[in-house]
Amino acid sequence: MESVFQVQRHLWICVCLAVFNAADALFTHRLLLKGGTELNPIMNALYMINPILFLFVKFLFSYLIFIIGFVPLMDRVKTLLYIALTLYTLVVIWHLILNILLFS
Numbered sequence: 000m001e002s003v004f005q006v007q008r009h010l011w012i013c014v015c016l017a018v019f020n021a022a023d024a025l026f027t028h029r030l031l032l033k034g035g036t037e038l039n040p041i042m043n044a045l046y047m048i049n050p051i052l053f054l055f056v057k058f059l060f061s062y063l064i065f066i067i068g069f070v071p072l073m074d075r076v077k078t079l080l081y082i083a084l085t086l087y088t089l090v091v092i093w094h095l096i097l098n099i100l101l102f103s
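Here numbering that gives the first Met the number 0 is used: the first residue of the sequence shown is 0, the next is one more, and so on.
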């Protein structure tokens, strides 16, 4: 019997998404400590409950995104991964710009 979990061609996309998601968590946490605002209402609620819970959930999502890299996906879902990668790239660039402007 063949294992469901195998390295897939989209693994590198999932690795990038997982890293970008973790970076987003850390950048967001840093900005929130300096008085910034979390725009996602669900993540904002988690952060208000406990910042550690916020980070835990974000890192859990990073782990799950990484695991998706080992599961076969339909072409439509792979397309969504490319879209998500593009959006997260923009988010990380935005965080880098904010950090350079606010903390340099």
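Think of the CB as a built atom: it goes at the ideal place given N, C-alpha and C, for glycine as much as any other residue.
For residue 28, the uninterrupted alpha helix (DSSP H) run begins and ends at 10-32, by DSSP. By the 16-neighbour rule on beta-carbons within 10 angstroms, residue 51 is exposed. When the five nearest sequence neighbours on each side are left out, the beta carbons in the same chain lying within less than 6 angstroms of the beta carbon of residue 13 are those of 64, 65, 67, 68, in order along the chain. Looking from the CA of residue 94, the closest CA among 48, 28, 55 belongs to 28. Between the beta-carbon of residue 46 and that of residue 53 there is about 4 angstroms, and that keeps the pair under the 8 angstroms contact cut.
When DSSP states are grouped into helix, strand and coil, residue 100 belongs to the helix group.
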